[in-house]
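K.L.:
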């Protein structure tokens, strides 16, 4: 067999262990930008008001309380999340068994807060320090106390200004404004969207409804005594005229229902009695 046509297999044609392979360069880590916010200590703290909160009251952690005058909250009262109380112009006294709904405002906030497009929020805890912008408000005038009596309900997004007196078992509905020094009588109701003018008076057992203030607003007295009901037919037999339950009886039943609702709200808010500083 002719072996002259075979190509000799030389060492040069064989791969060697010393052959070098290209490797990508070692990746260098890129410097990371710090996104940590600035220290909160750079912003001044708002004054914390003296607080008197009954051990059975329920105050949400996100409720805001600021000012220099006393804020008192009675037994069984429920303060919803993001409700705000500002005692810069006078004390705030909230009686027993009240409900202050979400985003309602009791008092007037500091000027910096009212002019800010994105006000900072604060958290209520019995030992927390507040971080709102501080302000110096004129306290040379007579303090304007806000007094909310027993079993009053204040609806969401409503505003109660300094000097207002709201008597027992009254209802302030959603988006209501009660201006300075107004007086709301007992067992009254201010319906949604209404505005009570400065120094305005709502008599007891009165319902106020209609848009805004002044023209377009209506008022009527709530019934306190028994009312006649026209004759009616039951089972083909005409019944004599009957008396409906007295207004006071109906009002008492409403207050019992509100008490049950407050108990459920306290569980939903999920915060321990504010005076004890413990969680449930």
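In the UniProt record's numbering, the protein residues as written are 1 to 280. We put the CB at the ideal spot given by N, CA and C, even for glycine. Since this is a predicted model, take the numbers as computed values, not measurements.
1) Tell me residue 172's beta-bridge partners as DSSP assigns them.
2) Grouping DSSP H, G and I as helix and E and B as strand, with all else coil, what is residue 247?
3) Out of 208, 252, 107, 151, which one is the CA nearest neighbour of residue 75?
4) Going by DSSP, what residue range makes up the beta strand (DSSP E) through residue 208?
5) Mind reading off the beta-carbon distance from residue 208 to residue 191? Whole number of angstroms is fine, and I expect it under 8 Å.
6) Out of 98, 103, 86, point me to the one whose CA is closest to residue 111's CA.
7) Please tell me whether residue 81 and residue 60 are closer than 8 Å, where the distance is taken between their beta carbons.
8) Quickly, what does DSSP pair residue 268 with across the bridge? List them, please.
9) Could you please give the first and the last residue of the uninterrupted beta strand (DSSP E) stretch that includes residue 104?
10) Could you give the distance in angstroms between the alpha-carbon of residue 160 and the alpha-carbon of residue 53?
11) Taking the DSSP output, what are the residues bridged to residue 217?
12) Restricting to Cα atoms, I'd like to know which of 189, 254, 261 is closest to residue 220.
13) For residue 249, does the count of other Cβ atoms within 10 angstroms reach 16, so buried, or fall short, so exposed?
14) By Cβ distance below 6 Å, which residues in the same chain neighbour residue 170 in space, the five residues on each side in sequence not counted?
15) Please name the residue in 145, 154, 90 whose C-alpha comes closest to that of residue 262.
16) What does the alpha-carbon distance come out to for the pair residue 102 and residue 181?
17) Helix or strand or just coil, what does DSSP make of residue 252?
18) What number of angstroms, rounded off, separates the C-alpha of residue 63 from the C-alpha of residue 70?
19) Between 83, 172, 211, 95, which lies nearest to residue 56 when the distance is taken from Cα to Cα?
20) Exposed or buried, residue 266, counting other C-beta atoms within 10 Å across all chains shown (16 or more means buried)?
21) Classify residue 259: buried if its beta carbon has 16 or more other beta carbons within 10 angstroms, exposed otherwise.
22) Taking buried to mean at least 16 other C-beta atoms within 10 Å of its own C-beta, is residue 42 buried or exposed?
23) Nearest by alpha-carbon distance to residue 174: which of 92, 104, 257, 256 is it?
24) Considering only the beta carbon of each residue, do residue 294 and residue 58 sit closer than 8 Å?
25) Does residue 142 pass the burial test, meaning 16 or more other C-beta atoms within 10 Å, or should it be called exposed?
26) Could you please give the first and the last residue of the uninterrupted beta strand (DSSP E) stretch that includes residue 64?
27) With a threshold of 7 Å on Cβ separation, who are the neighbours of residue 149 within its own chain once the five nearest residues in sequence on each side are excluded?
28) Once the 5 residues before and after residue 157 are set aside, which same chain residues still bring their CB inside 7 Å of it?
29) Is the separation between the beta-carbon of residue 294 and that of residue 97 shorter than 8 Å?
P.N.:
So, from the listed chains and residues:
1) On the chain shown, position 172 is the one that residue 172 refers to. Paired residues: 154, 190.
2) For this step, residue 247 is matched to residue 247 along the chain shown. In this structure, residue 247 counts as helix in the three-state DSSP scheme.
3) Against the chain shown, residue 75 aligns to sequence position 75. Nearest of 208, 252, 107, 151 to residue 75, Cα basis: 151.
4) Here residue 208 is taken as the residue at index 208 of the chain shown, counted from 1. 206-210 is the span of the beta strand (DSSP E), which, as asked, contains residue 208.
5) The residue you call residue 208 lines up with position 208 of the chain shown. The residue you call residue 191 lines up with position 191 of the chain shown. 6 Å between Cβ atoms; contact.
6) In the chain shown, the residue the question calls residue 111 occupies position 111. Of 98, 103, 86, the residue nearest in Cα terms is 86.
7) Reading the chain shown from its first residue, position 81 is the one you call residue 81. Reading the chain shown from its first residue, position 60 is the one you call residue 60. Yes, the pair counts as a contact, with Cβ atoms nearer than the cut-off.
8) Numbered from 1 along the chain shown, position 268 holds the residue referred to as residue 268. DSSP, once it has assigned bridges, lists no residue as partnering residue 268.
9) Here residue 104 refers to the residue found at position 104 of the chain shown. Run containing residue 104: none; DSSP gives neither H nor E here.
10) The residue labelled residue 160 in the question sits at position 160 within the chain shown. The residue labelled residue 53 in the question sits at position 53 within the chain shown. Rounded to the nearest whole angstrom, the CA to CA distance from residue 160 to residue 53 is 20 Å.
11) The residue labelled residue 217 in the question sits at position 217 within the chain shown. When DSSP reads this structure, residue 217 sits in a beta bridge with 210.
12) Residue 220 sits at position 220 when you count from the first residue of the chain shown. Cα-wise, what sits closest to residue 220 is 189.
13) Position 249 of the chain shown, counting from 1, holds the residue named residue 249. It counts as exposed.
14) For this step, residue 170 is matched to residue 170 along the chain shown. Within the same chain, residue 170 has close Cβ partners 152, 184, 188.
15) Reading the chain shown from its first residue, position 262 is the one you call residue 262. It is 154.
16) Reading the chain shown from its first residue, position 102 is the one you call residue 102. Reading the chain shown from its first residue, position 181 is the one you call residue 181. One C-alpha to the other measures close to 23 Å.
17) Residue numbering aside, residue 252 sits at position 252 when the chain shown is read from its first letter. Of the three classes helix, strand and coil, the one that applies to residue 252 here is helix, per DSSP.
18) As a first step, residue 63 must be located in the chain shown, where it is residue number 63. As a first step, residue 70 must be located in the chain shown, where it is residue number 70. Whole-angstrom Cα-Cα distance: 16 Å.
19) Residue numbering aside, residue 56 sits at position 56 when the chain shown is read from its first letter. The shortest C-alpha separation from residue 56 is found at 95.
20) The count along the chain shown starts at 1 and reaches residue 266 at position 266. So residue 266 counts as buried.
21) Residue 259 sits at position 259 when you count from the first residue of the chain shown. So residue 259 ends up on the exposed side.
22) As a first step, residue 42 must be located in the chain shown, where it is residue number 42. Note that residue 42 scores a pLDDT of 39, beneath 50, so its modelled location is shaky; the value from the coordinates is reported in the next line. The residue is exposed, with fewer than 16 neighbouring Cβ atoms inside 10 Å.
23) Stepping through the chain shown from its first residue, residue 174 is reached at position 174. The option with the nearest alpha carbon to residue 174 is 104.
24) What is shown of the chain runs 1 to 280, which leaves residue 294 out entirely.
25) Start at 1 with the first residue of the chain shown, and residue 142 comes out as number 142. Exposed, by the Cβ-count rule.
26) Numbered from its first residue, the chain shown carries residue 64 at position 64. 64-67 is the span of the beta strand (DSSP E), which, as asked, contains residue 64.
27) Here residue 149 refers to the residue found at position 149 when the chain shown is read from its first residue. Within the same chain, residue 149 has close Cβ partners 95, 166, 167, 168.
28) Here residue 157 refers to the residue found at position 157 when the chain shown is read from its first residue. Same-chain partners within the cutoff: 103, 104, 174, 175.
29) In the structure as shown, the chain starts at 1 and stops at 280, and residue 294 therefore has no counterpart that could be examined.
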